[in-house]
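Novice: One structure is given below, represented as structure tokens, and several questions about it will come after.
Numbering (my numbering), first residue to last: 11 to 190.
What follows is the structure, encoded as structure tokens:
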């Protein structure tokens, strides 16, 4: 009888462990779906993106929200903020596109190669943001299937919480658009 209780206890613990593992696997992060929501909402509406220059020529996404229009605000290394014009953005995206075509873009390099080069340029940072999904949609086919781009995109935010806030805000906007 003592052995049966011991076996039953192990079976219960093992069964409980299997249920917990299945539950945790179900709660896993599906970043592909989050990024699709971010791109989908951004392409239908717009995005308000704040980009910070963290070192000379190196940029990070500070904040990003759904918006009725697409706007990119640049906060330079001295703390001065300005809104980039459509012409400035188009030139930056064209330059980033040329780098992608040449194979020299940090967006498509492996993470370790990107770190050794210092980080993303302003054009690459815009492409990594939701604004890039709107303004650079003609470049998207070159990037969205690239595994290095998917990793670089998440690392292009100032910190992980900025990325999470961005994804959450676009998911909420997508849900609101679906309900309407």
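In this text, a Cβ means the ideal position worked out from N, Cα and C, and glycines have one as well.
From a predicted model like this one, the values you see are computed outputs, not experimental measurements.
Which of the three DSSP states is assigned to residue 170 in this structure?
Specialist: As a working mapping, residue 170 is identified with position 160 in the chain shown. Here residue 170 sits in helix by DSSP.
Novice: How about residue 118 and residue 169: are their beta carbons less than 9 Å apart?
Specialist: Sequence index remark: in the chain shown, residue 118 carries index 108 (1-based). Sequence index remark: in the chain shown, residue 169 carries index 159 (1-based). In this structure, residue 169 does not lie closer than 9 Å to residue 118 by Cβ.
Novice: Rank 60, 75, 120 and 136 by C-alpha distance to the C-alpha of residue 89 and give the top, closest one.
Specialist: Translated into positions along the chain shown, residue 89 becomes position 79. Comparing Cα positions, the closest option is 60.
Novice: Let's test the definition: count the other Cβ atoms within 10 Å of the Cβ of residue 87 and tell me whether it reaches 16, buried, or not, exposed.
Specialist: Position 77 of the chain shown, counted from the first residue, corresponds to residue 87. Counting Cβ neighbours within 10 Å, residue 87 comes out exposed, since fewer than 16 surround it.
Novice: Can you list, in chain order, the residues of its chain with a C-beta nearer than 6 Å to that of residue 138? Leave out the 5 residues immediately preceding and following it.
Specialist: Along the chain shown, one-based indexing puts residue 138 at 128. Excluding positions up to five away in sequence, the list reads 163 and 166.
Novice: Name the one or two DSSP bridge partners that residue 76 has.
Specialist: Locating residue 76 in the chain shown gives position 66, counting from the first residue. Its beta-bridge partners are 57.
Novice: Tell me the residue span of the alpha helix (DSSP H) that contains residue 101.
Specialist: Residue numbering aside, residue 101 sits at position 91 when the chain shown is read from its first letter. 96–112 is the extent of the alpha helix (DSSP H) around residue 101.
Novice: Can you tell which of 74, 78, 101 and 187 has its C-alpha closest to the C-alpha of residue 171?
Specialist: Counting from one through the chain shown, the residue named residue 171 turns up at place 161. Nearest of 74, 78, 101 and 187 to residue 171, Cα basis: 74.
Novice: Quick check: the segment 63–74 against the segment 172–187, are at least 3 beta-carbon pairs closer than 8 Å?
Specialist: The segment 172–187 vs the segment 63–74: in contact.
Novice: What does DSSP give as the partner residue(s) for residue 134 in the beta ladder?
Specialist: Counted from its first residue, the chain shown places residue 134 at position 124. DSSP, once it has assigned bridges, lists no residue as partnering residue 134.
Novice: Would you call residue 82 buried or exposed, if buried means 16 or more other Cβ atoms sit within 10 Å of its Cβ?
Specialist: Taking the chain shown and counting its residues from 1, the one referred to as residue 82 is at position 72. Buried, because 16 or more other Cβ atoms sit within 10 Å of the Cβ of residue 82.
Novice: With distance defined between alpha-carbon atoms, name the residue in 62, 65, 56 and 69 nearest to residue 131.
Specialist: Translated into positions along the chain shown, residue 131 becomes position 121. Out of 62, 65, 56 and 69, 69 has the C-alpha closest to the C-alpha of residue 131.
Novice: Once you ignore the five residues that flank residue 186 on each side, which residues in its own chain have a CB closer than 7 Å to its CB?
Specialist: As a working note, residue 186 is residue 176 in the chain shown. None.
Novice: Based on Cα-Cα distance, which residue from 62, 92, 99 and 56 lies nearest to residue 78?
Specialist: For this step, residue 78 is matched to residue 68 along the chain shown. That would be 56, whose Cα lies nearest to the Cα of residue 78.
Novice: Starting from residue 119 and walking both ways along the beta strand (DSSP E), at which residues does that stretch end?
Specialist: As a first step, residue 119 must be located in the chain shown, where it is residue number 109. No beta strand (DSSP E) contains residue 119, which DSSP labels as neither H nor E.
Novice: DSSP three-state call for residue 64: helix, strand or coil?
Specialist: Residue 64 sits at position 54 when you count from the first residue of the chain shown. In this structure, residue 64 counts as strand in the three-state DSSP scheme.
Novice: Would you mind sorting residue 135 into buried or exposed? The rule is 16 or more other CB atoms within 10 Å of its CB.
Specialist: Translated into the one-based positions of the chain shown, residue 135 becomes position 125. Residue 135 comes out buried.
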